[in-house]
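Residue numbers (the numbering used here): 185 to 342.
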């Protein structure tokens, strides 16, 4: 797909965040995501030996905290001038599940392109397609039922 000017600006936004905020081994990738109304949200990865979140997931969280709706396009950029990097498998799945029509900017510097996330995950598992509907039960009160212990009595109300 053809890169639009707004796509190039998104790459520039992620590159600026990578230069400014990716200065240690804990933050090596920056991401920028644009909403359908044109707002841009950024994030950096949070490396941890237990498997911290990728920059794309952090950008999704930043957008969610600001009440953003659908994300239209996302890009990740590596630190130290590594340029645009493709999302990992986990991020591809998250992007597909949360934003099935999102475009992802990928490719080498001289041939960047914005592709539908579905192009990055052919024959994919779509989480929502495999959810079983649970029959409606009694209304939930939000209070856990207390077990009855033989020989005990109920506490008095204060």
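Heads up, the beta-carbon is just placed ideally off N, CA and C, and yes, glycines get one too. Model, not experiment: these values are computed from the prediction.
Which word fits residue 342, buried or exposed, when buried means at least 16 other C-beta atoms lie within 10 angstroms of its C-beta? The predicted model places residue 342 with a pLDDT of 47, which falls under 50 and marks its position as unreliable, so this point remains unresolved.
With a threshold of 6 Å on Cβ separation, who are the neighbours of residue 227 within its own chain once the five nearest residues in sequence on each side are excluded? 215, 239, 242, 243, 246
Would you grab the beta carbon distance between residue 191 and residue 289 for me? Rounded to a whole angstrom, and I think it's under 8 Å. 6 Å
Report the partner residues of residue 211 according to the DSSP bridge assignment. 208
Comparing C-alpha positions only, which one of 279, 256, 293, 236 sits nearest to residue 310? 279
Take residue 308 and list the residues in its own chain whose beta-carbon comes closer than 7 Å to its own, dropping the five residues that flank it on each side. 280
Going by DSSP in three states, residue 269 sits in which element: helix, strand or coil? strand
Label residue 264 either buried or exposed according to how many other C-beta atoms from any shown protein chain fall within 10 Å of its C-beta, with 16 as the threshold for buried. exposed
Which of the three DSSP states is assigned to residue 342 in this structure? A caution first: residue 342 carries a pLDDT of 47, below 50, which makes its placement in the model unreliable, though a value can still be read off. Note: residue 342 maps to coil in three-state DSSP.
Terminal residues of the alpha helix (DSSP H) in which residue 239 lies: 239-249
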